[in-house]
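Per the numbering used here, the very first residue in the sequence shown carries number 4; after that it's consecutive. Below is one structure, written out as structure tokens; the observations come after it.
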Amino acid sequence: MHKQIVSNIFWLIAEKIITIILVFYVEGVIARLLSQPDYGKWIYSVNLVLLLSSLSLIVGAEVLVPTLSKHKKIADSLLFNTFIIRLVFGFFASFCTFIYANFFVTDVILKSFLSALALVLLLNEPFGVVTSYFQSKVNILPVTIVRIIALGVRALVATVILKWALSIDYIPWSRVLESVTSAIGLSLLYIIYRGKIRFNFSKKISKILFYRGLLLWPSLMMMYFFQRIDRFFIEHYLSFDYLALYGISVQIIEQATLLFGMVVQSIAPIFIFNRMSDAERFGKLNRIVMLMVGLSILSIIVGYFLIPLFIQLVYGKSYDGAIPITIGLLPSLLFFSIDTVLTQYFYAKNQGNKLIYKWIAMAMFTCMNYWLCLDVLQLKSAILTYNLNYFIMLVITIILFRRYIYEK
């Protein structure tokens, strides 16, 4: 089993390296296709869609992966019922995005971007149940292959737009076709590994999943709000130009945080979610925390030296302004890595609903912080605010962990 974990982490890292190459190749192409203000609009559109995707996370991986780990015999029913629930809410999120884009947005470019990206909401979360299944089996390689192929499609579409000098209206379709490819690939994986798709709909299981997910849903929505709302404050108080630079910086930081999250979620089924005594579970806490701290420190050191060259190579010299911003955001990785580990214990102990306190506090603090720094103090940089937000997030998580998890 430990070999499985090592193999899982290896393939996650391998996927992340390839993902970083493909994602930043695509974003570099898009940045060069668009002017700096228009690239800021692209960042705005993508993040608005990601924020609205929280509407379809009624039964997220935080609920599904532990449930699949504990109830393997009814895996098919769990997956299908979760798929239906996510599909319904995904349709609602897509509809809301389309209505907003066509009736409340006046900017032609924003309207074009948002209308196309609304389709992504119909596909990503529903078919993501297959990813949760492979996470529960500690076998991420098949999903890794699908993700890389889907990203390859996105890169191919972006390349075609660049080479043929197509209209910028086609840019969001790179993400739409990526989602279509991913949905098809994940469906094929399910058929290959499970034999066939079993339509085992159960009102009882749906209700259990729905209500269990409903307890965590507000937390997830507040989490997405905390992670995305900064872009809208920056656009409002600063400009689309600064948002373009800031967006590049956060893209780089997010790739590292995604790696941290994937590593923790891959080892969690064995070290955290499996049936074991609390003494044994907490005994493994230090090892996991030290692993993530080491990974974050390594990322900070490497990032400090390579970020200037990376941004110039990928985005071009016109985006050099993103270099000091990105370096300034690096400390947040340390806070995030520890927070990610502690958060998994809440889900393992069925205390995930307690995280609502953290995310409500963070949503309020983030809004207040950006308003204070960008409006009242009229700062022209979001670096201090970003790092402070993640530090406060970790402090709140530690307080909740000691109160609801460790002391009990």
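By construction, the Cβ of each residue, glycine as well, lies at the ideal position given by its N, Cα and C atoms.
Asked                                                                                                                                                                 : Found
Alpha carbon to alpha carbon, how far is residue 265 from residue 136? Give it in angstroms, no decimals.                                                             : 14 Å
Please state whether the Cβ-Cβ distance between residue 186 and residue 130 is less than 7 Å.                                                                         : yes
Span of the alpha helix (DSSP H) holding residue 121?                                                                                                                 : From DSSP, residue 121 is part of no alpha helix (DSSP H); its letter is neither H nor E.
Please determine if the region 197-205 and the region 77-94 are in contact, where contact requires at least 3 C-beta pairs separated by less than 8 Å.                : yes
From the DSSP output, in three-state form, read off residue 109 for me.                                                                                               : coil
Between which residues of its own chain and residue 368 is the CB-CB distance below 8 Å, once the five residues before and five after are set aside?                  : 392, 395
Rank 212, 45, 345, 313 by C-alpha distance to the C-alpha of residue 120 and give the top, closest one.                                                               : 45
Looking at C-alpha atoms only, which residue of 123, 239, 314 is the closest neighbour of residue 24?                                                                 : 314
Helix, strand or coil, according to DSSP, for residue 143 in the structure here?                                                                                      : coil
Given a cut-off of 7 Å on the beta-carbon distance, is the pair residue 54 and residue 100 in contact?                                                                : no
Which first and last residues belong to the alpha helix (DSSP H) in which residue 177 is found?                                                                       : 176-197
Decide yes or no for the touch test of the region 358-375 against the region 212-232: beta carbon pairs closer than 8 Å, at least 3 of them.                          : yes
Kindly indicate which residue of 98, 51, 192, 295 has the alpha-carbon position closest to the one of residue 263.                                                    : 295
Under 6 Å Cβ to Cβ from residue 144, same chain only, skipping five residues before and after it: list those, please.                                                 : 14
Within its chain, find whatever has a CB closer than 6 Å to the CB of residue 157; leave out the 5 residues flanking it on each side and keep chain order.            : 29, 177, 181
Mind checking residue 123: buried by the 16 CB within 10 Å criterion, or exposed?                                                                                     : buried
Which residue from 371, 351, 372 puts its Cα closest to that of residue 407?                                                                                          : 351
Counting C-beta neighbours from all protein chains within 10 Å, is the total for residue 34 16 or more, i.e. buried, or is it exposed?                                : buried
Suppose contacts are defined by Cβ-Cβ distances below 7 Å. Is residue 341 in contact with residue 292 by that definition?                                             : yes
Around the Cβ of residue 22, are there at least 16 other Cβ atoms within 10 angstroms (buried) or fewer (exposed)?                                                    : buried
Are there three or more Cβ pairs, one per stretch, closer than 8 Å when the region 102-110 is compared with the region 60-79?                                         : no
Measure the alpha-carbon distance for residue 75 versus residue 317 and round it to whole angstroms.                                                                  : 44 Å
Which stretch, first to last residue, makes up the alpha helix (DSSP H) that contains residue 39?                                                                     : 39-55
Please state the DSSP three-state secondary structure of residue 286.                                                                                                 : helix
Decide if the region 247-255 is in contact with the region 329-337; the criterion is three or more beta carbon pairs, one per stretch, under 8 Å apart.               : yes
Give the single residue among 301, 307, 19, 336 whose Cα lies nearest to the Cα of residue 154.                                                                       : 19
Please classify residue 226 as buried or exposed, where buried requires at least 16 neighbouring CB atoms within 10 angstroms.                                        : buried
State the CB to CB distance for the pair residue 42 and residue 366, rounded to an integer number of angstroms; the pair is presumed to be in contact (CB under 8 Å). : That belief does not hold up - the Cβ atoms of residue 42 and residue 366 are roughly 27 Å apart, past 8 Å.
Residue 74 by DSSP, collapsed to three states: which one?                                                                                                             : coil
For a test of your reading of the model: does the CB of residue 335 fall under 6 Å from any non-hydrogen atom of the ligand MN? Yes or no.                            : Among the ligands in the structure shown, none appear at all, so the ligand MN cannot be discussed.
Any Cβ of chain B within less than 7 Å of the Cβ of residue 377?                                                                                                      : Within the model displayed, chain B is absent; a lone protein chain is all it includes.
Since residue 95 contacts residue 58 with CB under 8 Å, what's their CB separation in whole angstroms?                                                                : 6 Å
When you compare the CB positions of residue 50 and residue 231, do they come within less than 7 Å of one another, or not?                                            : yes
Taking all protein chains shown into account, decide if residue 174 is buried (16 or more other Cβ within 10 angstroms of its Cβ) or exposed.                         : buried
Under the rule that 16 or more other beta-carbon atoms within 10 Å means buried, what is residue 380, buried or exposed?                                              : exposed
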